[in-house]
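Undergrad: In mature numbering (1 follows the signal peptide of the UniProt record, and there is no 0), the protein residues as written are -30 to -1, 1 to 213.
Heads up, the beta-carbon is just placed ideally off N, CA and C, and yes, glycines get one too.
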Amino acid sequence: MNSISRISRIVLSSLLASGAMLYSPLSTLAQINQAEVNEILDSEEVFIEENPAKVEDQADFGQAVITQEARAGLEFNNGAVGRLGSNSSVTVGQCVEVKNGQLLVSGPVDGCIAGFLVNVQGTLYLLEVDAENNGNIKVLEGTVLVTPQGALEAAEPIILSAGQKLPVVGNVLGQIQDITPEEFAQIVAGELFQGFTVPVTVEGALRSICLQLFGDLGFTCTAQGIPVPAPPVSVPSVPGLPF
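1. Less than 8 Å separating the beta-carbons of I157 and Q134?
2. Assuming T93 contacts G71 (C-beta within less than 8 Å), just tell me the rounded distance between them.
3. Excluding the five sequence neighbours on either side, which residues of its own chain have a C-beta within less than 6 Å of the C-beta of V7, listed in chain order?
4. Inspect the CB distances between the segment 80 to 87 and the segment 96 to 104 and report whether three or more fall short of 8 Å.
5. For F46 versus Q91, is the C-beta distance shorter than 8 Å?
6. Measuring straight from C-alpha to C-alpha, what distance separates A159 and L176?
7. Can you tell me the Cα-Cα spacing of L110 and G55, whole angstroms?
8. Which runs of the alpha helix (DSSP H) spanning at least 4 residues fall entirely within the segment 113 to 178, listed in chain order?
9. Around the Cβ of G77, are there at least 16 other Cβ atoms within 10 angstroms (buried) or fewer (exposed)?
10. Could you say which of E98, T117 and I196 lies nearest to I128 if we only look at CA atoms?
11. Is the beta carbon of L74 sitting closer than 8 Å to the one on A40?
12. Which one of A50, V51 and D80 has the shortest CA to CA distance from residue 215?
13. Run the CB neighbour count on F154, radius 10 Å, all protein chains shown included, and call it buried at 16 or more, exposed below.
14. Spell out the partners DSSP gives R72 in its beta bridges.
15. Could you spell out the range, first to last residue, of the beta strand (DSSP E) harbouring Q64?
16. Tell me, please, which residues DSSP counts as bridged to E6.
17. Do Q38 and E19 have their beta-carbon atoms positioned less than 8 Å apart in this structure?
18. Report the rounded CA-to-CA distance for T171 versus L183, giving the unit in angstroms.
19. Return yes when the Cβ of V114 is within less than 8 Å of the Cβ of I107, no when it is not.
20. So, V60 versus V66, is the Cβ gap smaller than 8 Å?
21. On the DSSP bridge list, what partners appear for Q91?
22. Across which residues does DSSP place G52 in a beta bridge pair?
What follows is the structure in C-alpha cells.
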C-alpha cells in the first residue's frame, strides 16, 4: 500500500475521532483479521509466531506478532495502524490482545488487556502490560469503552476520554487518572513515536492533542507534541511605585 493510501486512511481515522463521521462501538470497522508488518526498527528480532518476520509479512487471525530487541509498525486490514514496542507480544483477533509490552493504536481497532475489552471510537490509544500482568490503558485522543471480556451479562462500560488512563492490576481495574504533562511527554518522546517513518497521525496532530490537553494548564507544545511549561509573563516595573 502506498504512502498516499496510508495518509488517506489516517485522515479517515482522525475524522472518526473528531466526530466528523458517525461511528458505532459495535461497528465492523473495529473487527480485524490481519495485521501486516510495515516497519521494523532497531534489529531484526520481530516474529510472527515462531517465524522471523520482515516488512510486508502478514499475521492472520489468531497469530501472534512478537518483538524482542526490536520495534515494529503494523497496518491492519481495515486501514488502522499500530506500533509495537520492544519485548512486546500481541495476538490478532476480533480484538488485538496485548500479552506483554506496549501497543500504540491509531484508528478503529479494539484492544484486549488482562481480560478486558477496549472498544474504540476512532482513537489514538496505548496499551501496556508488564510481566506481572499489570498494565495501563492510556487514551491520547478520542474515547474508549472498557468492559470485562466475555461477561455473561451486559456490563456498564467504563468510559475513558482523551488525556485519561486506567490502571489494570492483575484482572482488576483501578481508578481513572489523568495523564500528566510529564507522562505525555515521555510517551510522545518514547519508543512508540521516535524513529518511525510510517505516520500514525496526520501532520500536526500531536501538537493539537497536546494543546487541547494541556494548553489551559499553562503549557505550550512543540511540533512533536511535547508539553513545555510556558514562560512567565513579565510585567514591566513602573518608575516611582514603591514595589
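TA: If we stick to the structure as given:
1. Residue 157 sits at position 187 when you count from the first residue of the sequence shown. Residue 134 sits at position 164 when you count from the first residue of the sequence shown. Against a cut-off of 8 Å, the Cβ pair of Q134 and I157 comes out as no contact.
2. Residue 93 sits at position 123 when you count from the first residue of the sequence shown. Residue 71 sits at position 101 when you count from the first residue of the sequence shown. Actually they are not in contact, since the Cβ atoms of T93 and G71 sit about 19 Å apart, beyond 8 Å.
3. By one-based count along the sequence shown, residue 7 stands at place 37. Around V7: A23, V25, D27 and A42.
4. yes
5. Here residue 46 is taken as the residue at index 76 of the sequence shown, counted from 1. Here residue 91 is taken as the residue at index 121 of the sequence shown, counted from 1. No, these two residues do not count as a Cβ contact at 8 Å.
6. As a first step, residue 159 must be located in the sequence shown, where it is residue number 189. As a first step, residue 176 must be located in the sequence shown, where it is residue number 206. Their backbone Cα atoms lie some 11 Å apart in a straight line.
7. If you number the sequence shown from 1, residue 110 lands on position 140. If you number the sequence shown from 1, residue 55 lands on position 85. Taking the straight line joining both Cα atoms gives about 17 Å.
8. 151 to 158
9. To locate residue 77, count along the sequence shown from 1; it is residue 107. By the 10 Å Cβ count, G77 comes out buried.
10. Sequence index remark: in the sequence shown, residue 128 carries index 158 (1-based). Here the closest residue by C-alpha is T117.
11. Within the sequence shown, the letter at position 104 stands for residue 74. Within the sequence shown, the letter at position 70 stands for residue 40. No, Cβ-Cβ distance for L74 and A40 is not below 8 Å.
12. An answer regarding residue 215 cannot be provided, because it is not within the stretch -30 to 213 covered by the chain.
13. Along the sequence shown, read from residue 1 onward, the residue named residue 154 stands at position 184. Buried: at least 16 other Cβ atoms inside 10 Å.
14. Translated into the one-based positions of the sequence shown, residue 72 becomes position 102. It is worth fixing the name first, because residue 72 is Gln in this sequence and not Arg. E98, per the DSSP bridge assignment.
15. Counting from one through the sequence shown, the residue named residue 64 turns up at place 94. Premise fails: Q64 is in no beta strand (DSSP E) and is neither H nor E.
16. Taking the sequence shown and counting its residues from 1, one reaches residue 6 at position 36. Looking at the DSSP assignment, E6 forms a beta bridge with Q28 and E45.
17. Here residue 19 corresponds to residue number 49 of the sequence shown, with the count starting at 1. Here residue 38 corresponds to residue number 68 of the sequence shown, with the count starting at 1. No; because the gap between Cβ atoms is not below 8 Å, this pair is not in contact.
18. Taking the sequence shown and counting its residues from 1, one reaches residue 171 at position 201. Taking the sequence shown and counting its residues from 1, one reaches residue 183 at position 213. Approximately 17 Å between the Cα atoms of the pair.
19. Numbered from its first residue, the sequence shown carries residue 107 at position 137. Numbered from its first residue, the sequence shown carries residue 114 at position 144. Yes.
20. Position 90 of the sequence shown holds residue 60. Position 96 of the sequence shown holds residue 66. Yes. Within cutoff.
21. Position 121 of the sequence shown holds residue 91. Answer is T113.
22. In the sequence shown, counting from the first residue as 1, residue 52 sits at position 82. Answer is L44 and V75, bridged to G52.
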